[in-house]
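Numbering (full-length UniProt numbering), first residue to last: 1 to 674.
Think of the CB as a built atom: it goes at the ideal place given N, C-alpha and C, for glycine as much as any other residue.
Reading through the structure tokens given below for one structure.
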């Protein structure tokens with residue numbers, strides 16, 4: 001809603017990524033609407049991106065995508081822990097107390113060069129290109145900083161034009177300083193009696209939120225946690241001041257349990273904001289089927305700072321969620337969803353995805369999950385619309401994965417990466433380094449293995465781990481021999497006007513010292529080199545795959561730049577198929593001998609064949625377990641056959657242990673949200 005009917009206005013400030021709606025405020029609009037409180041959203045991030053251009057906005061707001069951007073300026077984006085976006089609006093917040101940009105930029109320059117190298121994003125030539133363009137970016141950012149007070153004044157005038165009573169700020173990623181600067185200007189223009197300012201979002205969780213409340217008195221309320229359960233009472237208390245109910249400045253909201261009572265998010269304001277922009281034709285939808293992390297509740301990954309106070313896992317009813325996806329896709333005309341979940345609810349594999357398969361929905365989606373999926377699970381996910389997966393793969397070393405408390409192994413990670421290639425799914429993964437207690441020889445082993453893997457999707461990059469607030473490394477640093485934990489240096493520039501302890505309270509990213517720490521660049525060189533070679537080989541389409549021609553089955557291997565065709569016997573094919581998933585040699589032999597003509601194969605013959613496959617890099621081994629690296633691209637036909645059978649009504653879901661979720665229908669869905 002807009003015009004003089006609006007009472008609550010949410011602000012999405014820079015530098016939230018602009019390619020999709022803000023899910024949190026879009027849900028809160030629905031929560032308020034059910035209580036008769038009209039609200040709208042101002043997407044200042046979209047407005048600012050339009051003003052400064054996509055390349056520069058991308059550079060300032062995103063994390064670290066692997067490729068140089070295609071565009072006139074070809075910027076490489078900086079890591080969020082450098083707080084480059086937050087520095088842009090520091091002069092608007094602090095005025096003359098804003099920190100020295102030149103000193104900060106001088107300190108940033110070598111870090112960007114090192115970061116580009118360790119992430120393995122490009123070749124050396126591209127690194128030189130980045131250094132060139134950082135000089136240009138530096139000048140543009142300086143100019144933006146100088147102009148930031150004027151920009152904020154204009155935002156404030158526009159936002160107050162129709163006299164909203166409440167302004168709500170969402171702060172995730174690098175949105176805090178722009179939001180605070182705008183709030184400060186709004187308070188200058190309107191007293192508390194006329195305008196109430198509220199801030200929430202991930203950057204307000206726990207002590208970060210308390211610090212924001214303590215240090216920025218122009219902000220009336222700061223909400224920590226999931227706001228759906230507190231927003232109505234908070235806003236009603238503001239709008240009806242005669243009630244006399246005291247409203248605390250800091251509001252600790254508990255995790256929201258009743259997921260099925262959440263309204264369908266309202267993205268109208270986002271699509272209105274982008275309607276005349278090229279991105280209007282390629283924007284994403286976003287949705288959430290769950291909150292928290294069922295794996296983290298069981299075994300918190302050591303470096304993960306997500307779900308600070310909301311780790312307990314909660315998910316929506318499968319049928320209700322299917323209807324939500326269909327409603328949003330129908331309403332906005334887009335079919336791709338970026339799921340906001342930290343981890344997939346595994347029960348959806350046999351409920352949500354079968355329902356989407358059965359009805360022939362064209363919905364596609366990105367999901368985060370664990371890497372220890374079974375192939376039949378992945379098959380249902382792909383047939384049900386999953387086209388992009390982030391399975392939490394951060395290493396190809398089992399000992400290092402154990403240091404992370406990942407609950408997976410090297411072979412499980414490679415198994416899923418291989419299946420994603422077979423099923424034509426985009427799989428996003430990285431190699432992290434710098435873990436306390438890691439052995440340098442593990443990276444040498446990864447480098448040795450990589451030439452065998454160049455036909456599989458490579459890592460998006462290689463990067464050093466961060467210490468994030470709420471992660472086990474941050475909570476119990478002494479357990480990992482981490483000392484001198486302190487806020488990242490960039491906070492000392494962004495919040496230069498605050499005492500050091502307050503900067504620490506606001507910080508999400510931290511530095512630390514590790515006793516006996518070895519500079520990872522000493523032992524990473526081979527791994528980084530092999531990673532770049534892997535990316536290059538994969539981009540050239542090298543392969544290791546099973547093929548058939550004129551009745552003859554063979555393996556085509558082009559991984560080393562040459563093309564070799566090796567005929568494979570029936571027993572060899574059986575072995576490769578047996579080890580398509582992780583198997584011991586004993587189980588592999590049993591599978592080869594199932595219904596084998598001419599009697600069972602001897603253990604000696606099997607061992608000799610397996611030894612050849614290991615030597616050729618067709619199969620890899622870890623301990624007593626083996627995995628075939630040979631692709632079978634005919635697996636994609638299984639997806640086609642499954643979808644066709646489901647839509648013809650001939651698929652026996654019970655045989656798959658699945659049951660398509662039943663949607664409640666639009667009427668019941670609306671009723672359940674009121």
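Pair within 9 Å by beta-carbon distance, residue i and residue j
i	j	result
residue 575	residue 587	no
residue 546	residue 573	yes
residue 410	residue 389	no
residue 265	residue 21	yes
residue 84	residue 60	yes
residue 458	residue 467	no
residue 140	residue 52	yes
residue 337	residue 283	no
residue 688	residue 34	Any property of residue 688 remains undetermined from this structure, which presents the chain solely from 1 to 674.
residue 471	residue 302	yes
residue 308	residue 206	yes
residue 275	residue 315	no
residue 422	residue 635	yes
residue 530	residue 446	yes
residue 432	residue 463	yes
residue 80	residue 49	no
residue 434	residue 520	yes
residue 345	residue 290	yes
residue 455	residue 568	no
residue 170	residue 24	yes
residue 427	residue 393	yes
residue 403	residue 438	yes
residue 145	residue 91	yes
residue 43	residue 269	yes
residue 429	residue 460	yes
Per DSSP, the bridge partner or partners of residue i
i	result
residue 546	555
residue 464	433
residue 39	8
residue 483	513
residue 250	222
residue 86	Its beta-bridge partners do not exist; DSSP assigns none.
For residue j and residue i, believed in contact at Cβ under 8 Å, the rounded distance
i	j	result
residue 165	residue 359	About 43 Å separates the two Cβ atoms, so there is no contact after all.
residue 354	residue 659	7 Å
residue 202	residue 176	No, residue 202 and residue 176 are not in contact; Cβ-Cβ is about 10 Å, not under 8 Å.
residue 383	residue 643	5 Å
residue 589	residue 613	Contact doesn't hold; Cβ gap of about 13 Å is too wide.
Contact test: residue i Cβ vs the ligand FAD heavy atom, cutoff 8 Å
i	result
residue 34	Looking for the ligand FAD in the displayed structure turns up nothing, as the structure carries no ligands at all.
Residue closest to residue i, alpha-carbon to alpha-carbon, out of the options
i	options	result
residue 221	168, 14, 272	168
residue 510	343, 473, 524, 331	473
residue 440	163, 508, 518	518
residue 675	174, 158, 282	What is shown of the chain runs 1 to 674, which leaves residue 675 out entirely.
residue 106	565, 91, 82	82
residue 676	370, 215, 281	A query on residue 676 cannot be resolved here, the shown segment of the chain reaching from 1 to 674 and no further.
residue 566	512, 529, 630	630
residue 188	198, 212, 156	156
residue 208	194, 198, 224	224
residue 288	602, 504, 494, 367	367
residue 196	205, 237, 230	237
residue 330	403, 377, 363	363
residue 210	603, 231, 249	249
residue 232	190, 275, 260, 30	30
residue 487	480, 481, 496	496
residue 326	385, 305, 149, 404	385
residue 616	623, 606, 628, 622	628
residue 619	647, 653, 600, 579	579
residue 322	350, 298, 479, 152	350
residue 554	544, 180, 504, 295	544
residue 98	494, 533, 577	494
residue 317	145, 261, 653, 533	261
residue 143	87, 179, 183	87
residue 41	12, 56, 540	12
residue 357	662, 58, 37	662
| At which residue ranges does the segment 489-553 contain complete alpha helix (DSSP H) runs of 4 or more residues, listed in the order of the chain? | Qualifying alpha helix (DSSP H) stretches, in chain order: 491-494, 500-506, 521-539.
| said: At 3 residues or longer, what runs of the beta strand (DSSP E) sit wholly inside the segment 618-658? | reply: 619-622, 625-628, all fully within the segment 618-658.
| task | Could you pull out every unbroken beta strand (DSSP E) segment of at least 3 residues lying fully inside the segment 308-361, listed in chain order? | result | With a minimum length of 3 residues, the continuous beta strand (DSSP E) runs that stay inside the segment 308-361 are 336-339.
| request: Identify every run of the alpha helix (DSSP H) within the segment 376-432, keeping only runs that are complete inside it and at least 4 residues long; order them along the chain. | output: 398-404, 410-423
| field | Within the segment 152-233, ranges of the alpha helix (DSSP H) (whole runs, at least 4 residues) | value | If one requires a minimum length of 4 residues, the alpha helix (DSSP H) runs lying completely within the segment 152-233 are 176-189, 207-215, in chain order.
| field | Within the segment 262-311, ranges of the alpha helix (DSSP H) (whole runs, at least 4 residues) | value | 268-273, 294-298
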